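Before any comments, here is the structure.
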Amino acid sequence: MKKVNIAIFVSGGGTNCENIIRYFKGSEKVCTALVVSNKADAPALEKAQRLEVATKVVTKAELNDEAVMMPMMKEYGIDFIVLAGFLPLVPNFLVDAFPRRIINIHPSLLPKYGGKGMWGHHVHEAVKAAGEKETGMTVHWVTPVCDGGDIIVQYKVALTAEDSADDIAAKEHQLEMKYFPQVIERILNDSF
Numbered sequence: 002m003k004k005v006n007i008a009i010f011v012s013g014g015g016t017n018c019e020n021i022i023r024y025f026k027g028s029e030k031v032c033t034a035l036v037v038s039n040k041a042d043a044p045a046l047e048k049a050q051r052l053e054v055a056t057k058v059v060t061k062a063e064l065n066d067e068a069v070m071m072p073m074m075k076e077y078g079i080d081f082i083v084l085a086g087f088l089p090l091v092p093n094f095l096v097d098a099f100p101r102r103i104i105n106i107h108p109s110l111l112p113k114y115g116g117k118g119m120w121g122h123h124v125h126e127a128v129k130a131a132g133e134k135e136t137g138m139t140v141h142w143v144t145p146v147c148d149g150g151d152i153i154v155q156y157k158v159a160l161t162a163e164d165s166a167d168d169i170a171a172k173e174h175q176l177e178m179k180y181f182p183q184v185i186e187r188i189l190n191d192s193f
């Protein structure tokens, strides 16, 4: 049986990226074949390289150039793409080439606090400002609409009035560390 080759697209620190790579290390079914970043200084790249995963840096122009991205996906035999803190919009040609084979993690319970400009601390600050009693993570299919794809699964965590935006971020991040790799595995095994 052929392994499923995944590419992880990242923009930042790479805690989810590293967690996913470690989760599938030694798997007979899934291989993290490539980590792609739009930022040359993203710590995620160093983490991936330390774990012996190939990395590529793409400029905005390259990301949006089918003649650059599609050969790259083919070179690494990519079957599935995971967005793990990747900030740019995925170009339509990639969405079309990987129908229901690109997922994103979002640090809120979509449809709340999604869309353009809603990432990282911006989301957690908005959750705090709204006085939400819970937050969580959402894994959804990627479409041309920012955070607009069908929701695959959500995990929730309770909040208190005393929680700061940093506390909210920490609680939500614990969910990501616990569940995101499992969700990827279940999707690849078609258990949703």
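Under the working numbering, think of the first position of the sequence shown as 2, with each following residue one higher. We put the beta carbon where it would ideally sit given N, CA and C, even for glycine. None of these values were measured; they are calculated from a predicted model.
- Here the region 106-117 does not lie against the region 30-47, with fewer than 3 beta-carbon pairs under 8 Å apart.
- With respect to the 8 Å criterion, K26 and K4 are not classified as neighbours on the basis of their beta carbons.
- Judged by DSSP secondary structure, N17 falls within the alpha helix (DSSP H) whose first and last residues are 16-25.
- Of the other Cβ atoms in all chains shown, fewer than 16 fall within 10 Å of the Cβ of H123; this residue is therefore exposed.
- DSSP, read as helix, strand or coil, puts V146 in coil.
- In the three-state reduction of the DSSP assignment, G121 falls in the helix class.
- Cβ neighbours of A159 within its own chain (closer than 6 Å, five residues either side excluded): E135.
- Nearest to G78 by alpha-carbon distance, out of A62, K129, F99, L84, is F99.
- In the assembly as shown, A8 is a buried residue. Its beta-carbon has 16 or more other beta-carbons within 10 Å.
- Cβ-Cβ distances below 7 Å link A162 to nothing in the same chain once the five nearest sequence neighbours on each side are left out.
- DSSP, read as helix, strand or coil, puts L35 in strand.
- Here the C-alpha atom of M70 lies approximately 26 Å from the C-alpha atom of G121.
- One alpha carbon belongs to K129, the other to A55, and they sit about 38 Å apart.
- Contact annotation: A166 and H125 have beta-carbon atoms nearer than 8 Å.
- Residues N6, I7, A8, V54, A55, Y77, G78, I79 of the same chain have their beta carbon placed closer than 8 Å to that of A34, with the five preceding and five following residues left out of the count.
- In the structure shown, the three-state DSSP call for E47 is helix.
- Counting only the Cα atoms, D66 lies some 19 Å from C147.
- Within the DSSP secondary-structure output, M138 pairs in a beta bridge with Y156.
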